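Contents: one structure, followed by commentary.
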Amino acid sequence: MSNGMKELCRLSHEMKLQKYPAVPAEWLVKTKYNDRTANGLTRCVIDFLTFKGWQAERINSTGRIVDDRKTYIDVIGRCKTIGSVQWVKGTTTAGTADISATIAGRSVKIEIKIGADRQSHWQKSYQQLIERSGGLYFIAKTFQDFYEWYNQNFEL
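Under our numbering, read the sequence shown as residues 3 to 158, first letter to last.
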């Protein structure tokens, strides 16, 4: 287990001790983290920043499904469905990062990339916009990478 993951687990356990002071420490179940999937890495980063006292949230940019279908039973007892299902594009900026955070008063955007996943054209443009605006942008491939970047930029 990497140093970053050990620190995340330690912080998680500390938060549980604060939340449940009447429960003996050995009774508290340790949270299991992994950074092998995009969802797992996103959770690691958000929990770490939250435990450190900063604001962090996941950004959902996928849009949504609008289901206009109606199902009814006709006069001879057959079940009929009419209408359609449509995909509605999200309202976020094209290329937006997976995590938006505020750390020590700085706007920070974190893009999660696992394995061979690479930035799209829109994501590169979004990164340039954030950096031109004075914000920080980081591409996290593992939690250890993020942990080291965080320590270089915010832990003095």
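Using N, Cα and C, we set each Cβ at its ideal position, and we do this for glycine too.
None of these values were measured; they are calculated from a predicted model.
For a test of the three-state rule: what should DSSP assign to residue i, helix, strand or coil?
i	result
S135	coil
A27	helix
Q88	strand
D147	helix
R66	strand
V110	strand
E72	According to the sequence provided, residue 72 is Lys. The question's Glu does not apply to it. Strand at K72.
K18	helix
A40	helix
R80	coil
T52	helix
R120	coil
Can the beta-carbon of residue i be found less than 8 angstroms from the beta-carbon of residue j?
i	j	result
F156	C46	no
E113	Q121	yes
D119	I61	no
M3	F53	no
W124	F140	no
L43	A142	yes
Buried or exposed for residue i, going by 16 or more other Cβ atoms inside 10 Å?
i	result
G199	Since the first residue of the chain shown is 3 and the last is 158, residue 199 is not available in this structure.
Y149	buried
L10	buried
G6	buried
K91	exposed
K126	exposed
K82	exposed
L19	exposed
Y22	exposed
D37	buried
K34	exposed
Strictly under 8 angstroms for the Cβ-Cβ distance: is residue i near chain B by that measure?
i	result
A99	Looking for chain B here will not work: only one protein chain is present.
If contacts are defined as beta-carbon pairs under 8 angstroms, then residue i and residue j qualify, I think. What distance do you get, rounded to the angstrom?
i	j	result
R66	G85	At roughly 16 angstroms, the Cβ-Cβ gap does not stay under 8 angstroms, so R66 and G85 are not in contact.
Y128	T95	6 angstroms
### Query
Taking contact to mean at least 3 C-beta pairs separated by less than 8 angstroms, is the region 97-110 in contact with the region 72-82?
no
**Prompt:** Between the region 94-104 and the region 56-64, are three or more C-beta pairs nearer than 8 angstroms?
**Reply:** At 8 angstroms Cβ cutoff, the stretches touch.
message: Using 8 angstroms as the cut-off, can you tell me whether the region 36-53 makes contact with the region 8-23, which would need three or more C-beta pairs spanning the two stretches below that distance?
response: Here the region 36-53 lies against the region 8-23, with 3 or more beta-carbon pairs under 8 angstroms apart.
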